[in-house]
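In full-length UniProt numbering, the protein residues as written are 1 to 411. Just so it is clear, CB atoms sit at the ideal spot from N, CA and C, and this is done for glycine as well.
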Amino acid sequence: MIDGKTIRQDFPILDQIVNDEPLVYLDNAATTQKPQAVLTALNDYYHHDNANVHRGVHTLAERATAAYEAAREKVRNFVNAKETAEILFTRGTTTSLNWVAQSFGEAFIEAGDEIVISYMEHHANIIPWQQLAQRKNAKLVYLDITPEGHLDMNDAKAKIGAKTKIVSIAQVSNVLGGVNPIAELTALAHAANAVMVVDGAQAVPHMPVDVQALDCDFYAFSGHKMCGPTGIGVLYGKRQWLEQMEPVEFGGEMIDFVNLYDSTWKELPWKFEAGTPNIAGAIGLGAAIDYLSALGMDNIHQYEQDLVNYVLPKLTAIEGLTVYGPQNPAEHTGVVAFNLDGIHPHDVATALDMEGVAVRAGHHCAQPLLQHLQVPATARASFYFYNTKEDADRLVAAILATKEFFQHGTI
Ligand code: PMP
C-alpha cells in the first residue's frame, strides 16, 4: 500500500511555497520530481566514482563502468527484456523513436510501404515517421479515435495490412489519458509482417510493463518521467532487429576496429552508444528504478487509479468544464486534459499557478490530436504517486475559484 503523504517526504522539492500557497505539482506528464534516493545516487557518483566508462583500467573507471552497466541490468529487469543487449541508453523517448525511424527505417522501408500511427501521438512519435516517409516515399497512415476517446481498433484492423511495415503507437496518450491495447496491436502488426514500436513515455512510469508479454519489437521511454534525471532514456529493441540495424551515430565507444577507410562495430548494445554516454543519468535512472520497484509498480498503478477515481468525477461535475479522453475513471490514467468554457487554457494555468497549483497548458506536443479534437489548446493536470487527495481537492478548488474570477472578477 502506498501512502502519498508519507512518500512526499522523499521528494524535497514538493515541500515549498509557491505564490504564498503550498505547492501542488500536477505537471508529471511533462516531467516528474526526483526522490532523495536519486539525488543521493547522482551526488555519490560524482563525489566518489566519476570516470569515463569502458576504456579505463583504473579503479574509478571500473567502478563507473560497473555502475553504468548495473543500471542497464536494472532497466532490463524492470521491463523484463530477455537480455541487456536489447537495452540501449538514449537521451529519451524522442531519441529512441528517432533511432528506430532512422536506423530500422533505413534498412527496411521502401517506396510505397505504409507506416501506421494514430491521431493521438506525441510529436516525437509523428515527425520521425514523417521524415522517414518523405525520405523513402513511404506513406504515413493515421488510425482514428472513437468518440469516447479510445484508439479505434476497428480502424486499426482495417488499416494494418499487407503494405504496413511499421506500427508505432503510444501505450498511454499524454493528452487523452487512455491506455491503448498494445498486445492486440502487436498481434495485428505481426500478422501483417510489420514491426510494433511503442511510445511508452507515459506508461512505464505508471504501470508494470513487460516487453516480452507485449511482444513489441521496440519500446521507447524517458528517465525523467519516472523519477530519474533528464537526458537519459531507453530504447528496447529485439535482438533480431538490432543486429540487422546500423548505428545512428558514429565515433568513440561504439567501435571494434577503425581502419583508414572503414570500421567495424562493437557488439550489442554498445554499437549504438557512440561517444561518452550519460553515465550519471543512467546511474540516476537505475536508482529511480530501485525506488519505484521498492514501492511496486502494481501499487503505484493502483494508487494513481484510486486518485483518478476520486478526482475525475469531481472535475466532470464542474459546469462548463470539459475533460478530454475517456470519461469513465476506470479507463483513464492520471493524465487529465481539460478546458473551461470561455477561458483560455493559458489563463487557467496562470490562475491555478497563483493558487500554487502547477498544471500545463498548450498543445502538449500533440497538434494533430488537438486539430482532430478541434481545440487549439487545453489545460492538463497530471498526477503521480506522490500526489494526494488533498492535491486533487486543491486542484478542484482552484478551478472553481478561477471560474468565479473570470465570471465575476473575484477570487
Ligand atoms: N511521447 C509521449 C507520449 C510523451 O508524453 C513525451 C513527453 N512529453 C514524449 C514522447 C517525448 O519524451 P521526451 O521529451 O522525454 O523525449
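- Boundaries of the beta strand (DSSP E) harbouring Trp265: Ser263 to Trp265, taken from the DSSP string.
- Across the structure, Arg63 and Val204 are spaced so that their CA atoms are roughly 28 Å apart.
- His301 sits close to Met207, with the two beta carbons spaced by under 8 Å.
- Relative to the non-hydrogen atoms of the ligand PMP, the Cβ of Ala29 comes within a distance shorter than 7 Å of at least one.
- Judged by their CB atoms, Asn299 and Pro329 are not nearer to each other than the 8 Å cut-off.
- In the displayed model, Tyr291 falls within a helix according to three-state DSSP.
- Out of Ala138, Lys34, Thr230 and Thr31, the CA that lies nearest to the CA of Phe89 is found in Thr230.
- Between Gly275 and Gly296, the C-beta gap is not smaller than 8 Å, which leaves the two residues out of contact.
- Per DSSP, the unbroken beta strand (DSSP E) holding Val234 starts and ends at Gly233 to Gly237.
- Annotation: Gly334 to Leu188 spans about 28 Å, alpha carbon to alpha carbon.
- Within the same chain, Ala85 and Leu242 come within 6 Å of Leu268 by CB-CB distance, once the 5 residues on both sides are set aside.
- With contacts defined by Cβ atoms closer than 8 Å, Ala37 and Tyr386 do not form a contacting pair.
- Straight through space, the alpha carbons of Arg380 and Asn77 are spaced by roughly 32 Å.
- Note that the C-beta distance between Leu60 and Ala51 is below 8 Å.
- For the set Ala191, Ile145, Ile182 and Cys227, the Cα lying nearest the Cα of Val175 is the one of Ile145.
- The beta carbon of Lys82 sits closer than 7 Å to those of Gln212, all from its chain and outside the five residues before and after it, given in chain order.
- Taking the Cα positions, Lys139 is about 47 Å away from Thr40.
- Three or more Cβ pairs closer than 8 Å define a contact, and the stretch 94-102 meets that threshold against the stretch 121-131.
- A Cβ-Cβ separation of about 7 Å places Leu321 in contact with Ile399 under the 8 Å criterion.
- The set of residues whose C-beta lies within less than 5 Å of a heavy atom of the ligand PMP reads, in chain order, Gly92, Thr93, Thr94, His122, Ala124, Ala170, Asn174, Asp199, Ala201, Gln202 and Ser222.
- As a beta-bridge residue in DSSP terms, Gly362 pairs with Thr378.
- Secondary structure remark: continuous beta strand (DSSP E) runs of at least 3 residues inside the stretch 95-157, in chain order: 114-118 and 139-143.
- For a cut-off of 8 Å, the C-beta gap from Gly284 to Gly228 is around 5 Å, short enough to register as a contact.
- Shown here, Asp391 sits in a helix according to DSSP, grouped into three states.
- The criterion of a C-beta distance shorter than 8 Å is satisfied by Lys225 and Thr32.
- Burial of Gln202 is indicated by the presence of at least 16 other C-beta atoms within 10 angstroms of its C-beta.
- In the three-state reduction of the DSSP assignment, Met297 falls in the helix class.
- Taking the Cα of Ile87 as reference, the smallest distance to any Cα among Gln171, Ala107 and Asp217 is reached at Asp217.
- Met196 sits away from Phe104, with the two beta carbons spaced by 8 Å or more.
- In the three-state reduction of the DSSP assignment, Lys271 falls in the helix class, which pools H, G and I.
- For Thr350, the enclosing alpha helix (DSSP H) starts and ends at Pro345 to Met354.
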